[in-house]
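Asks: Those sequence lines, one after another, are chains A and B.
Residue numbers in the first sequence follow my numbering, run continuously in steps of one, and reach 884 at the last position.
Residue numbers in the second sequence follow my numbering, run continuously in steps of one, and reach 221 at the last position.
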Amino acid sequence: MTPEKLYETLKKIQEPKGYFFNRDQEFVMELMHSLLENKERLGYMACPCRLASGSQKDDKDIICPCEYREEDVREFGSCYCGLYVSDDWNQDKIPHEYVPERRPPEKIKF
Amino acid sequence: MAKNIFLYALSTCIHCKRTRKFLDEKEIDYDFVYVDKLSGDEKEKAVSEVKKHNPKISFPTIVIGDGEKVIVGLKEDEILEACQK
């Protein structure tokens with residue numbers, strides 16, 4: 775799988791659900807690389823911006839797209855990583871705020 | 137006097153990469169560790185240190201001095217202000 779192929783695949787699945795890739799293409803492609811790196815290292819595409827445990831079971835909630843994306847995009851227009859955003863976010867109709875970590879720390883196993 | 141600046145980061149995290157780039161561009165000296173690249177006791181120690189400064193254990197976590205200032209996330213203005221004080 776190449777980052778470009780992953781991009782195309784995810785775009786087709788996520789856009790109809792209202793989740794758009796960040797308009798910053800360079801940013802998005804770096805994240806595609808990181809997701810593939812995690813897939814190779816861990817066996818699953820853990821959120822690149824979070825500390826993964828190495829156990830797919832323990833990291834179920836942070837496998838991209840993570841369980842927190844829906845609430846983050848609803849509240850901030852962007853997921854924690856900034857990979858998925860709303861259309862309004864991409865069009866600067868809402869401010870681009872720092873998205874705080876929503877995952878409860880007790881879920882982090884290491 | 138230059139302050140000790142320590143960055144806890146993840147090698148795959150884009151905000152961490154951009155934080156390093158920002159610090160480099162601003163010629164701010166810092167040390168860093170990629171917590172995801174550690175294992176065993178080293179990882180456990182690093183995670184406890186992050187937790188002490190940032191209970192959410194999120195990245196990047198920047199610790200300035202002995203922890204008198206902790207910045208979570210790439211908050212450019214805050215980083216500049218804290219590092220230049």
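The beta-carbon is built from N, C-alpha and C at its ideal position, and this holds for glycine as well.
Can you give me the C-alpha to C-alpha distance between Y166 of chain B and I215 of chain B, rounded to a whole angstrom?
Replies: Looking up residue 166 of chain B in the second sequence gives position 30. Looking up residue 215 of chain B in the second sequence gives position 79. The alpha-carbon atoms of Y166 of chain B and I215 of chain B are separated by roughly 12 angstroms.
Asks: Which word fits I207 of chain B, buried or exposed, when buried means at least 16 other C-beta atoms lie within 10 angstroms of its C-beta?
Replies: By 1-based counting over the second sequence, the position of residue 207 of chain B is 71. Label assigned to I207 of chain B: buried.
Asks: Assuming Y858 of chain A and P839 of chain A make a contact with CB atoms under 8 angstroms, what is their CB distance in whole Å?
Replies: Within the first sequence, numbered from 1, the residue matching residue 858 of chain A stands at position 84. Within the first sequence, numbered from 1, the residue matching residue 839 of chain A stands at position 65. Yes, they are in contact, since the Cβ atoms of Y858 of chain A and P839 of chain A sit about 6 angstroms apart, within 8 angstroms.
Asks: Report the rounded CA-to-CA distance for K181 of chain B versus S829 of chain A, giving the unit in angstroms.
Replies: Working through the second sequence from its first residue, we reach residue 181 of chain B at position 45. Working through the first sequence from its first residue, we reach residue 829 of chain A at position 55. Distance between the alpha carbons of K181 of chain B and S829 of chain A: 20 angstroms.
Asks: Can you give me the C-alpha to C-alpha distance between N140 of chain B and V183 of chain B, rounded to a whole angstrom?
Replies: As a working note, residue 140 of chain B is residue 4 in the second sequence. As a working note, residue 183 of chain B is residue 47 in the second sequence. The alpha-carbon atoms of N140 of chain B and V183 of chain B are separated by roughly 19 angstroms.
Asks: Starting from the beta carbon of L825 of chain A, find every residue of chain B whose beta carbon is closer than 8 angstroms, and list them in chain order.
Replies: The residue you call residue 825 of chain A lines up with position 51 of the first sequence. The answer, in chain order, is L146, V171, D172, V183, I193, F195.
Asks: Buried or exposed: which applies to M775 of chain A, given that a residue is buried once 16 or more other Cβ atoms fall within 10 Å of its Cβ?
Replies: Numbered from 1 along the first sequence, position 1 holds the residue referred to as residue 775 of chain A. It is exposed - the Cβ of M775 of chain A has fewer than 16 other Cβ atoms within 10 Å.
Asks: Mind listing the chain B neighbours of D882 of chain A? Cutoff is C-beta to C-beta under 7 angstroms, in chain order.
Replies: Residue 882 of chain A sits at position 108 when you count from the first residue of the first sequence. The displayed chain sequence assigns Ile, not Asp, to residue 882 of chain A. Near I882 of chain A (Cβ distances below 7 angstroms), the residues of chain B are I193.
Asks: List, from N- to C-terminal side, the alpha helix (DSSP H) runs of 4 residues or more that fit wholly inside the region 781-868 of chain A.
Replies: If we require 4 residues or more, the alpha helix (DSSP H) runs fully inside the region 781-868 of chain A come out as 799-816, 843-850, 861-864.
Asks: Name the residues in the region 779-801 of chain A whose C-beta lies less than 9 angstroms from a C-beta of chain B; which are they?
Replies: Hits within the stretch, in order: F801.
Asks: Please list the partners that K179 of chain B has in chain A, where partner means a Cβ-to-Cβ separation under 7 angstroms.
Replies: Sequence index remark: in the second sequence, residue 179 of chain B carries index 43 (1-based). What K179 of chain B touches in chain A: F884.
Asks: Can you tell me which residues form a DSSP beta bridge with Y170 of chain B?
Replies: Translated into the one-based positions of the second sequence, residue 170 of chain B becomes position 34. Answer is B:A145.
Asks: Determine the DSSP secondary structure at K187 of chain B, reduced to helix, strand or coil.
Replies: For the purposes of this step, residue 187 of chain B is identified with residue 51 of the second sequence, where counting begins at 1. If DSSP states are grouped into helix, strand and coil, K187 of chain B belongs with the helices.
Asks: Residues in its own chain within less than 8 angstroms of V171 of chain B by CB, not counting five upstream and five downstream?
Replies: As a first step, residue 171 of chain B must be located in the second sequence, where it is residue number 35. Here the set comprises Y144, A145, L146, K179, A182, V183, V186, F195.
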